[in-house]
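In this note's numbering, the protein residues as written are 1 to 423.
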Amino acid sequence: MQPVQITKTTARRFILGRQGLWPGRRWAGKEGVSKALHQIEAVQLDPLTVVARSHDIALCSRVLDYQPDYLDQLTYAERRFFDYGGSLYIYPMAELRYWRLHMQRRAQEGRWADFSRQQRELLDEVRAKLRKHGPLGNRDFSGRTRINSYRGRKDTGLALFAMWLTGELMIHHRRGFERVYDFSSNVVPQEMDKVVNETEAEGYFAQKALAFYGLVTARGWKNCFSGFIHRPISRKEVQDQIGQFISDGVFASVRIEGSKEHWLVLADDLLLLTQLEADQVPDAWQPLQTTTDDEVTFLAPLDIVSARGRSKWLFDFDYVWEVYKPVEQRRWGYYVLPILYGDRLVARLDPKLDRKTNTVEIKGFWLEDEKMAKDEAFLSALVNGLVRFVGFLGANSLDISAIRPSGFQARIEKSLRADLEIV
């Protein structure tokens, strides 16, 4: 079967649409958060709260009237989702049966297998305290020994992390962002507490890795798949697996205009590509209320559509999260968010929430094309996006004094005056 040929615009819209970012928000409320999390496969968690946490910004960009409490309810009260991984993500609880393979492999090899053998007495003490007191966090343990690990400063903290990573414990709830652990048997709903065999688990993750990215190269698929199943994959196995999935009608090959790479897509998504190539919006993607043509969207720093270098090839937009760079090495700012307008990234925003004054401060704003400052439709969309974003943050006022050019700033301020207090 010959690869499907698509334009870069189709590729961009497909990836955005599959992630619920184009042509507008199609979910709302708490149940909308659940639907969004199932559709987008996973959302990466991050503790930083410069303006809001990355995962909350990601869900705000996809779900109308999103509130962070919705995610907490779904994950820690209703147990429909769980958070897990060295790179921390939220996954549907129904997937836990497949993640057991990953957890088992963590337990049986490498650092955590050695830790378990060497620290049996410590682990037994942690278990005993959990049995006696119920869910506990790192602060509830005094620790035997101080350690120097990026996972903690107490040996008990590292023990909790090891038992969580290998599946014995799960996160019962969070205090702020601090993990509070309990035994998995006390957290997982009984009907979800299952394990599948290795073949079934690896087959599931092979498809999930592709669904997560939407469109991906063989190398990108291999890296994601290998991470999911927690084992290395040789080049030959990658070729054999992909060939078999294509032969079985599970994967399909795609060629993207202007790219020399060979791309992969789930065969079930070929109809979506056909519709997009014909300039049609799939019925399932129709937005509930607003489209990104009349409201910009601020993307989270870790959003899968623009992070990890994806923005460069997908949007011709250079985006690097500079939060961990020294000040002198930053090109843009500390917590810069890409601005999505329609199906393009057109600007960058560096916001900060001053919690003492409850003011959103725009520390920096950069247009990709200065001509956009004269575009009235874009100005209106930017204003609408700012109003929604400030409302999501629960702030009282907005400081846009850093926005340039000054004439553009003045027009934004004039438009915002009816909806927000400008300082």
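Where a beta carbon is used, it is the ideal one built from N, C-alpha and C, also for glycine.
Keep in mind that this is a model prediction, so the values were computed, not measured.
Residues of its chain near residue i, where Cβ-Cβ distance is below 7 angstroms and the 5 sequence neighbours each way are ignored
i, result
"Q275", "P282"
"W285", "G17, P23 and R26"
"E41", "K208, A211 and F212"
"T291", "Confidence in T291 is poor, its pLDDT being 48 and thus under 50, which makes the residue's placement too unreliable to answer from."
"W386", "The displayed chain sequence assigns Leu, not Trp, to residue 386. Only L398 and L416 meet the Cβ criterion."
"L37", "V43, F81, I90 and P92"
"N384", "D294 and E295"
"P405", "A373"
"E125", "none"
"R146", "R153 and K154"
"V238", "A218 and K222"
For residue i: DSSP bridge partner residues
i, result
"Q275", "BP columns for Q275 are empty, so no partner."
"S253", "L264"
"T297", "L340"
"L4", "Note on residue identity: the sequence assigns Val, not Leu, to residue 4. According to DSSP, which records beta bridges pairwise, V4 is partnered with V254."
"T217", "W263"
"Q81", "A small correction: the amino acid at residue 81 is Phe; Gln does not occupy that position in the sequence shown. Its beta-bridge partners are P92."
"V421", "Correcting the residue type first, residue 421 is Glu in the shown sequence and not Val. In DSSP, E421 forms a bridge with S397."
"A58", "In DSSP, A58 forms no bridge with anything."
"F183", "L169"
"E361", "K352 and D399"
"V33", "Note: V33 sits in no beta bridge, so no partner."
"Q44", "Y89"
Residues of its chain near residue i, where Cβ-Cβ distance is below 6 angstroms and the 5 sequence neighbours each way are ignored
i, result
"R144", "D155"
"T199", "none"
"Q44", "Y89 and L302"
"F389", "F298"
"C60", "Y66 and F392"
"F115", "A162"
"G157", "N138"
"V432", "Because the chain in this structure spans residues 1 to 423, residue 432 falls outside the shown range and cannot be described."
"V50", "Y335 and K352"
"A300", "S54, I57 and A58"
Own chain, CB closer than 8 angstroms to residue i, minus 5 neighbours either side, in chain order
i, result
"V187", "R79, F82, M170, I171 and H172"
"W112", "R106, A162, L165 and T166"
"T359", "L353, A395, N396, S397, L398, D399 and V423"
"I242", "A218, W221, F251 and L264"
"R330", "E322"
"L130", "L136, L169, Y181, D182 and F183"
"L215", "A11, F14, I15, V254, I256, W263, L264 and V265"
"Y76", "I171, H172, H173 and R174"
"R53", "L45, D46, P47, P68 and F177"
"R411", "L379"
Nearest candidate by alpha-carbon position, reference residue i, set the options
i, options, result
"E295", "D343, T217, G249 and G29", "D343"
"W366", "V383, L122 and G333", "G333"
"D268", "F245, G385, G32 and S259", "F245"
"F177", "G137, K325 and H262", "G137"
"F408", "L270, S380, R139 and Y181", "S380"
"K194", "E95, L88, R308 and D369", "E95"
"E202", "G227, G86 and D72", "G227"
"R179", "P189, N197, L160 and E191", "L160"
"N197", "L74, Y98 and V126", "Y98"
"Y319", "E361, V346 and R153", "V346"
"R100", "D350, D369, G364 and F205", "F205"
"G309", "P338, K356 and P287", "P338"
"V33", "V63, R235 and V126", "V63"
"L123", "D375, A418 and F141", "F141"
"A377", "Y341, S401 and Y70", "Y341"
"D350", "K371, Q280 and A402", "A402"
"E368", "I362, R348, L21 and A418", "R348"
"T357", "K132, E421, L21 and A58", "E421"
"P429", "L74, D248, A58 and P3", "In the structure as shown, the chain begins at 1 and stops at 423. Residue 429 is therefore absent and cannot be evaluated."
"P3", "K414, L273, R231 and Q280", "L273"
"S87", "I233, H133, C224 and Q108", "C224"
Anticipated Cβ contact below 8 angstroms, residue i with residue j, distance rounded
i, j, result
"H55", "I229", "Actually they do not touch by this definition, with Cβ atoms about 24 angstroms apart."
"Q19", "I304", "7 angstroms"
"K30", "Y70", "4 angstroms"
"L288", "A58", "Between A58 and L288 the Cβ distance is about 18 angstroms, and since that is not below 8 angstroms, they are no contact."
Handout entry: Sufficient close CB pairs (3 or more, under 8 angstroms) joining the region 7-17 to the region 314-326
Key = Yes: at least three Cβ pairs fall under 8 angstroms.
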